[in-house]
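Asks: First the structure, which I've put down as structure tokens, then a few questions once you've had a look.
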């Protein structure tokens, strides 16, 4: 059988490839351009990284976006406020409940009905949002372990995340894209028996979180692979607008659930984990993983308190109607308004412009944490080894649906 040529060199390959920042004339002696992505392994979705290297040392990284452009903001201009919720779900599809909660609170603030939302409704919103926060962090930790060669933690994380998805599917009928939290209320009350099943899951999960610490976070190989890698100083994080676990891993105790004190979070007891360089340098890849793992434990505390109050002061009542305050027609007064909340990735904000006449926004811009956090990648990567780029990229925890919107 004749040998087949698998690769034929063409001097024009670089010129006819995807648009690039660097051309052949920009490269110094022994430098080369490597494309990483767009693909799911390593780049966590359809992200393309144009990497300039000198041997195995990274000279520059240029993220190329737009391979998953969802046109969210253009869609929002053509849809009524309540019809936008399913599109909000599809931005960061790992955190749909959190996205819905923040978006709906923003519209409710525009309408001036924030204080009218029943307490049971808000506690249910926080309950499902914190379940979703844990599920999101499980994906972040599991896939990050997979990035750097640890297969077992990924399988364990997916196993336990599946329990959460089944609970949320029981609540609203969908596994990932929920459309459950509505402007002014909820699609439906919790199913009968949900509180008991959720409590049983939390009791099951607590020892599993301890196992995760031992299996992954405290693992000697994992520590050596992530400690002192991709160090993000606190002042640099602030200057780049970094938020969420990435900012807290750099040593700043800044969580919008506490800072802005929205929903019923002021009534709940929970801590804000911050990185302290326990295994390496404050703000390194290990700190970012550690913060996410600790946040899962804090979300468990929040869920337990919500369950207690949903079976106590705000227990199930035949008279309770989760759609009682849901407006039939959403027509805010003319205004410009920005509302933000703490998603598992960081600050998720929505900027609205309303003209006071239409039931569709003139503008609905999303400020996504993944997009802003990704901007730090070149600064973290320059001067590091090529292999460390994968560790740094995974520690940022981006979802490309939210990056490209």
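Numbering (my numbering), first residue to last: 23 to 427.
Glycine is no exception: its CB is placed at the ideal position from the N, C-alpha and C atoms.
Please read all numbers here as calculations on a predicted model, not as lab measurements.
Considering just the uninterrupted stretch of the alpha helix (DSSP H) at residue 37, what are its terminal residues?
Replies: 35-38
Asks: Starting from the C-beta of residue 400, find all residues in its chain whose C-beta is less than 8 Å away, skip the five residues before and the five after it, and write them out in chain order.
Replies: 82, 83, 84 and 85
Asks: Quick check: what's the CA-CA separation for residue 130 versus residue 315?
Replies: Distance between the alpha carbons of residue 130 and residue 315: 32 Å.
Asks: Closest to residue 291 by C-alpha separation, out of 297, 105 and 279, would be which residue?
Replies: 279
Asks: Is the number of C-beta pairs between the segment 150-167 and the segment 190-198 that are closer than 8 Å three or more?
Replies: yes
Asks: Classify residue 280 as helix, strand or coil using the three-state DSSP reduction.
Replies: helix
Asks: Thinking C-beta only, is residue 425 closer than 8 Å to residue 403?
Replies: no
Asks: Taking only three categories from DSSP, how would you classify residue 31?
Replies: Collapsing the DSSP output to three states places residue 31 in coil.
Asks: List the endpoints of the continuous beta strand (DSSP E) containing residue 124.
Replies: It is not in any beta strand (DSSP E) - residue 124 instead sits in the alpha helix (DSSP H) that spans 118-133.
Asks: Beta-carbon separation of residue 302 and residue 114 under 8 Å?
Replies: no
Asks: Taking the alpha helix (DSSP H) that residue 422 falls in, what are its first and last residues?
Replies: 422-426
Asks: Nearest to residue 283 by alpha carbon, out of 46, 52, 124 and 28?
Replies: 124
Asks: Should residue 77 be flagged as near chain D, meaning a C-beta pair shorter than 8 Å?
Replies: Of the protein chains in this structure there is only one, and it is not chain D.
Asks: What's the gap between the Cα of residue 351 and the Cα of residue 134?
Replies: 14 Å
Asks: Taking 8 Å as the cut-off, does the segment 408-424 touch the segment 354-367 (at least 3 CB pairs, one atom from each stretch)?
Replies: yes
Asks: Tell me the DSSP secondary structure of residue 250 in three-state form.
Replies: Here residue 250 carries a coil assignment [DSSP, helix/strand/coil].
Asks: Could you give the residue range of the beta strand (DSSP E) that holds residue 85?
Replies: 79-86
Asks: Any idea what DSSP makes of residue 113, helix, strand or coil?
Replies: Here residue 113 sits in coil by DSSP.
Asks: Which residue's Cα is closest to the Cα of residue 179: 59, 161, 377 and 168?
Replies: For residue 179, the closest C-alpha among the options 59, 161, 377 and 168 is that of 161.
Asks: Going by DSSP, which residues form a beta bridge with residue 76?
Replies: 53 and 79
Asks: Below 8 Å on the Cβ atoms is my contact criterion, and I expect residue 109 with residue 91 to pass it. Report the Cβ-Cβ distance as a whole number of Å.
Replies: The Cβ separation is near 13 Å, so there is no contact.
Asks: Return the Cβ separation of residue 407 and residue 78 in integer angstroms, given the expectation that the two are a contact with Cβ distance under 8 Å.
Replies: 5 Å
Asks: Could you spell out where the alpha helix (DSSP H) holding residue 218 opens and where it closes?
Replies: Looking at the DSSP string, the run of the alpha helix (DSSP H) that includes residue 218 is 216-234.
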